[in-house]
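In my numbering, the protein residues as written are 251 to 597.
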Amino acid sequence: MNIKKIAVAFVLFGLVAIAAFSYYIYSIMLVSNTAFNSKEAYVYIPTGASYNEVRNDLEPLLISIDNFDVLAQQKKYMSNVRPGRYRISKGMTNNDIINSLRSQNVPITVAFNNQHSLNQLAKRISNQIEADSLELIKSFTDEDFLKTHGFTAETALSMYLPNSYEFFWNTNPRKFRTKMLKSYRVFWNKKRLEQAKEIGLSQTEIAILAAIVQEESKQKSEQPRVAGVYINRLKNGWPLQADPTLKYAAYQLPAYKNKVIKRVLNKHKKIESPYNTYLNKGLPPGLIAMPDLSVIDAVLNYERHDFFFFAANPERPGYHNFAKSISGHNKNAQSYQNYLSRKGIRE
251 MNIKKIAVAF VLFGLVAIAA FSYYIYSIML VSNTAFNSKE AYVYIPTGAS YNEVRNDLEP
311 LLISIDNFDV LAQQKKYMSN VRPGRYRISK GMTNNDIINS LRSQNVPITV AFNNQHSLNQ
371 LAKRISNQIE ADSLELIKSF TDEDFLKTHG FTAETALSMY LPNSYEFFWN TNPRKFRTKM
431 LKSYRVFWNK KRLEQAKEIG LSQTEIAILA AIVQEESKQK SEQPRVAGVY INRLKNGWPL
491 QADPTLKYAA YQLPAYKNKV IKRVLNKHKK IESPYNTYLN KGLPPGLIAM PDLSVIDAVL
551 NYERHDFFFF AANPERPGYH NFAKSISGHN KNAQSYQNYL SRKGIRE
């Protein structure tokens with residue numbers, strides 16, 4: 251009788267132990283371990299991060315970091331940390347979370363436009379992916395890369411076409427640069443290359459001109475006509491005399507740091523700079539801005555006309571009056587100068 255009682259007790263104890271162990275395993279693997287109220291949270295794991303660093307980021311998001319540790323060790327995640335951006339959805343179990351951290355690096359959308367230099371671009375990109383701006387600018391200005399692909403430090407900005415792109419957060423500068431080059435080559439298809447050839451300009455020169463057109467006019471309907479004026483001037487050997495290039499040249503000088511030029515004056519036309527298109531014929535050596543894709547196409551599809559001049563239209567802010575003769579232009583220009591004076595805009 252005692253033996254039977256002992257046997258029964260032993261069996262019951264075993265069953266309880268098995269049940270307890272099963273529940274322990276169940277709670278570690280199959281019970282929700284998320285502590286946040288939002289629909290999802292993201293964890294950013296830097297390249298080379300240790301498990302402890304990942305653990306520190308996860309702890310505020312989990313009900314029990316200790317339970318997570320147990321399963322992470324069992325599934326050998328502790329020694330297999332992978333960089334990237336990972337989504338943790340509300341209600342996920344430890345098993346779900348580890349599976350996500352192992353293989354579900356979630357891409358991000360990287361967007362940029364309206365950058366006036368490689369330094370600005372590098373800073374913008376570094377706010378969106380893991381790489382810092384110094385690493386990016388080093389990659390952007392790599393002499394061997396630029397020479398191999400036909401760019402210079404002044405024209406390299408033309409390779410980075412403003413748009414939205416999908417990247418992994420942990421993309422390194424070299425891979426970022428490579429994808430940008432591929433996108434550049436896709437954009438410059440056979441049709442666009444033929445259009446540039448017909449105009450007599452290279453891809454880079456089209457981008458340089460597009461940047462000037464964009465800085466001159468933000469009106470999409472007007473940009474092909476503005477481009478036509480500049481192309482007429484180039485074909486006839488005239489200097490471009492583009493005011494945006496004067497502003498760009500001025501902004502490179504310490505005296506104009508943190509200043510905004512609202513009125514181009516004769517003193518600006520005397521600035522010694524290869525970007526001064528009043529003193530120098532032809533296109534400047536590089537881009538003064540990052541042209542939108544639509545503006546590049548506006549240049550490639552420029553309006554054929556006989557205009558050689560234009561001046562801002564005081565009656566339609568943002569638009570211009572175009573002229574075929576210097577006398578007509580002087581009249582338009584004087585009208586705009588009078589408008590600026592009435593507004594009290596002196597420089």
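All C-beta atoms in this analysis are idealised placements derived from N, C-alpha and C, irrespective of residue type, glycine included.
Roughly how many angstroms lie between the CA atoms of residue i and residue j, to the nearest whole one?
i    : j    : result
W488 : V356 : 52 Å
N551 : P474 : 7 Å
S585 : P564 : 7 Å
E455 : L533 : 7 Å
V363 : S376 : Note on residue identity: the sequence assigns Asn, not Val, to residue 363. Each residue's Cα considered, the two are about 14 Å apart.
S414 : N422 : 18 Å
D547 : Y410 : 16 Å
S408 : V463 : 14 Å
Q365 : A372 : 9 Å
R592 : R513 : 13 Å
S433 : L384 : 23 Å
R566 : L590 : 14 Å
Y498 : N369 : 15 Å
R374 : I387 : 11 Å
K441 : K429 : 22 Å
R598 : L503 : Lying before the first or after the last residue shown, residue 598 is absent from the chain, which here runs from 251 to 597.
I511 : R596 : 10 Å
A457 : A299 : 41 Å
E393 : A403 : 8 Å
E444 : S575 : 31 Å
K520 : K485 : 24 Å
E309 : Q354 : 20 Å
S272 : Q324 : Any reading at S272 must be qualified, since the residue scores a pLDDT of 48, below 50, and its modelled position is unreliable; the value itself is stated next. When rounded, the distance between both Cα atoms is 16 Å.
E553 : K509 : 34 Å
E472 : F395 : 36 Å
M328 : F401 : 44 Å
N439 : R352 : 39 Å
T495 : G594 : 24 Å
Is the beta carbon of residue j closer than 7 Å to that of residue i?
i    : j    : result
H555 : G478 : yes
E448 : A539 : no
Y292 : V331 : no
A461 : P541 : yes
F318 : L311 : no
V549 : L459 : yes
H518 : A492 : no
Y336 : S314 : no
G536 : T405 : yes
H579 : F559 : yes
S389 : R435 : no
Keeping to the same chain, check which residues put their C-beta closer than 7 Å to that of residue i; ignore five residues upstream and five downstream.
i    : result
N420 : T297, P333, G334, E380
S282 : G341, M342, T343
S544 : K470
Y506 : A500
L431 : H399, M409
N588 : none
Using DSSP's beta-bridge definition, name the partner residues of residue i.
i    : result
I347 : I347 is not bridged to any residue.
R335 : Y294
S282 : T343
N571 : A561
F362 : N413
N355 : Y336
L312 : T284
Looking only at its chain, what residues have a beta carbon closer than 8 Å to the beta carbon of residue i, apart from the 5 residues adjacent to it on each side?
i    : result
S452 : A446
E290 : R337, I338, S339, K340
E416 : P357, I358, T359, V360
A561 : H570, N571, A573, H579, N582, A583, S585, Y586
K397 : none
D307 : V293, Y294, I295
T391 : L368, A403, A406
Considering only residues of the same chain and omitting the five flanking positions on each side of residue i, which have a CB-CB separation below 6 Å?
i    : result
L490 : Y480, R483, T527
V476 : V463, E466, S467
F437 : L411
Using a Cβ-Cβ distance cut-off of 7 Å, determine whether residue i contacts chain D.
i    : result
L386 : Annotation note: the requested chain D is absent from the structure, which comprises a single protein chain.
Segments assigned beta strand (DSSP E), at least 3 residues, entirely inside the region 405-485: 413-417
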